[in-house]
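Shown next, in structure tokens, is the structure this report addresses.
Chains as they are written, first to last, in my numbering: chain V, 1 to 314; chain Z, 1001 to 1314.
Laid out in structure tokens, this is it:
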């Protein structure tokens, strides 16, 4: 079997706090294109893992054949040995960019769909707030909410993103949370009648301010709390008594429990893409060399839209 | 119409922090036993309000007649003018103590029933943790959970209450949270496999420790957060990221949205009382004079079981 050169992004050590570029190395390695016996976990010295689009070079599984395109769990390297169970779906629609299967047609798309519709139980006319609203998931939640007849406000961390929210994704209003010394006051300005659904991506101070502004029977689908993951001491959230006062439901969810809806989701979203009723913004980094910087940038909000790393063009 | 003497517990001023006995006065007033034009709100100078059992002296509503017994919102006074809309239910079963309609057959009973069964969605064999577990609601949640085939642990604030939990209410285990310097460690001891349902009565540090110990798809019906209501600055809860990690559902509820289940609840609970498969412990204070101390005691945990204030015997 052919031995080929295989560029990889390697984790140099366990990461403390926010990831730094120095936590990762881009190395030239080689690989034999042959099905292995086992696979390592996320461990220093091994490549990082992530969801991606892959083209099958060789397959030991009858469901997949050479040149099939698939999306699912892969590793940060040019060639990867992937157990069939880590492939999520075979790609069957090619009239859209392949990169969309890392975003609007992949995990982030399903996350927005399941979190908003299944967990959020939205009703027409409700007031929806989305944090990290221009991100891979947020930009879709806002558009889904508008299509569903909701009033939607998003927050983001730069003027460029706020402009995108208003001018490209159709949010009714948007604001830069870094320029709001009083988040509670900002939310009261945009939601004088309160929030029915808060699509939670960030946690911490934002959640605390949102709780003060939820309406009775409000719902908070919890997709992420990115502001909290890498803190030594997470911020304390102090307004949880509002869960009782307003009978709020807060619900964490994992997209992997909703993949049985993927076909239904494609039937919903593909026509919207084709009819240009929905848009998707990607922030594309080219080449594994630029992977570490792209990953680090996620935590400081440097990316605009879904961060994609192109390992190879088809 | 007869003018009669009417002892009342009056609020002397708006309460700051925990209520103190000096915030209330017991006064001898008088009242004309006649239907009025309007009713005051909870205001200094007016009697406190609360749920209670009342006997109709005079009625302007065809649904109620003299000598009917009812339970619902009343005021802390010997005679009260109650709009029909504030009466919740007419009492129809008299083979149980009347005081039960302030507890197991009243709001606390319905709260335990709705919160555990409707919001908690319990399954046989699940692990249930209840805080304030010997209180008006908690003692019932534990017994309902045992009847449902769950493993149940409760926390309370005195040795006497802990004994009650284990020896009277049938909790599998119980502990005094004041004697646990590390609540997380205590919960890990009693729930080595984690908690499926946390019936939340207290909030703050307890909730924070519970979040670390929830199982995947755990549920937290939020009935109250009594440790937080009277703090100038509520405690910060720092472990909310576990909502995502374990896909936890936290849901505040109000018993008043479940009263349509009251008949079903009575059909469930009355036989259990009659067959002595469920017990209910009350802490009875006699006379309006002792009302202020009884109310204040709730916040320091002085009461054992449901605090009842007897205004008059039938």
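Yeah, the Cβ is synthetic: ideal placement off N, Cα and C, and Gly gets one too.
Buried versus exposed call for residue i [16 or more other C-beta atoms within 10 Å across all chains shown]
| i | result |
| --- | --- |
| residue 1040 of chain Z | Summary for residue 1040 of chain Z: the model assigns pLDDT 49, below 50, so the residue's position carries little reliability, and this model does not support an answer. |
| residue 1085 of chain Z | exposed |
| residue 15 of chain V | exposed |
| residue 134 of chain V | buried |
| residue 1300 of chain Z | exposed |
| residue 38 of chain V | With a pLDDT of 49 at residue 38 of chain V, under the threshold of 50, the predicted position of this residue should be treated as unreliable, and no value is reported. |
| residue 1274 of chain Z | exposed |
| residue 303 of chain V | buried |
| residue 1054 of chain Z | buried |
| residue 22 of chain V | exposed |
| residue 248 of chain V | buried |
| residue 17 of chain V | exposed |
| residue 264 of chain V | exposed |
| residue 3 of chain V | exposed |
| residue 308 of chain V | buried |
| residue 30 of chain V | exposed |
| residue 60 of chain V | exposed |
| residue 1034 of chain Z | exposed |
| residue 94 of chain V | exposed |
| residue 1181 of chain Z | exposed |
| residue 27 of chain V | exposed |
| residue 1230 of chain Z | exposed |
| residue 213 of chain V | buried |
| residue 1063 of chain Z | exposed |
| residue 1293 of chain Z | exposed |
| residue 111 of chain V | buried |
| residue 1065 of chain Z | exposed |
| residue 122 of chain V | buried |
| residue 288 of chain V | buried |
Opposing strand residues paired with residue i [DSSP bridges]
| i | result |
| --- | --- |
| residue 52 of chain V | V:72 |
| residue 403 of chain V | The question about residue 403 of chain V has no answer here: the residues shown for chain V are numbered 1 through 314. |
| residue 1309 of chain Z | Z:1285 |
| residue 32 of chain V | V:3 |
| residue 47 of chain V | V:10 |
| residue 90 of chain V | V:70 |
| residue 1027 of chain Z | Z:1008 |
| residue 1197 of chain Z | Z:1128 and Z:1219 |
| residue 1077 of chain Z | Z:1008 |
Nearest-angstrom beta carbon gap, residue j and residue i [assumed within contact, 8 Å]
| i | j | result |
| --- | --- | --- |
| residue 1071 of chain Z | residue 1102 of chain Z | 7 Å |
| residue 201 of chain V | residue 152 of chain V | Wrong, their Cβ atoms sit about 14 Å apart, outside the cutoff. |
| residue 184 of chain V | residue 215 of chain V | No, residue 184 of chain V and residue 215 of chain V are not in contact; Cβ-Cβ is about 15 Å, not under 8 Å. |
| residue 1225 of chain Z | residue 240 of chain V | 7 Å |
| residue 1210 of chain Z | residue 1252 of chain Z | Not quite, the Cβ-Cβ distance comes to about 15 Å (not below 8 Å), so this is no contact. |
| residue 1279 of chain Z | residue 1169 of chain Z | 7 Å |
| residue 1311 of chain Z | residue 1058 of chain Z | With 8 Å as the limit, residue 1311 of chain Z and residue 1058 of chain Z do not qualify as a contact, their Cβ atoms being about 18 Å apart. |
| residue 1107 of chain Z | residue 1051 of chain Z | 5 Å |
| residue 1098 of chain Z | residue 1314 of chain Z | 6 Å |
| residue 1157 of chain Z | residue 1177 of chain Z | 6 Å |
| residue 1175 of chain Z | residue 1120 of chain Z | Actually they do not touch by this definition, with Cβ atoms about 21 Å apart. |
| residue 67 of chain V | residue 82 of chain V | Contact doesn't hold; Cβ gap of about 15 Å is too wide. |
| residue 1291 of chain Z | residue 1246 of chain Z | In fact, because the Cβ distance is near 43 Å, the residues do not count as touching under 8 Å. |
beta-carbon residue i near the ligand NAP non-hydrogen atom, thresh 7 Å
| i | result |
| --- | --- |
| residue 282 of chain V | With respect to the ligand NAP, the structure shown offers nothing to examine, as it has no ligands at all. |
Practice task
Could you tell me which uninterrupted alpha helix (DSSP H) segments, each at least 4 residues in length, are contained entirely in the segment 207-232 of chain V, listed from first to last along the chain?
Solution key: none
Problem - Whole runs of the alpha helix (DSSP H) within the segment 1105-1185 of chain Z, excluding any shorter than 4 residues - result: 1107-1113, 1138-1147 and 1159-1167
Practice task
Spell out a yes or no on whether the segment 1204-1221 of chain Z and the segment 1235-1244 of chain Z are touching, meaning 3 or more CB-CB pairs, one atom from each, closer than 8 Å.
Solution key: They touch, by the three-pair rule.
Practice task
Determine contact between the segment 123-134 of chain V and the segment 175-195 of chain V, defined as no fewer than three beta-carbon pairs at a distance below 8 Å.
Solution key: yes
Exercise for the section: Return the chain-ordered ranges of every beta strand (DSSP E) run that is complete within the segment 1235-1292 of chain Z and spans a minimum of 3 residues. Expected result: 1249-1252 and 1282-1286
Handout entry: Stretch pair the segment 253-271 of chain V + the segment 1256-1271 of chain Z: three plus CB contacts closer than 8 Å
Key = no
Problem - the segment 87-94 of chain V contacting the segment 58-74 of chain V, beta-carbon criterion three pairs below 8 Å - result: yes
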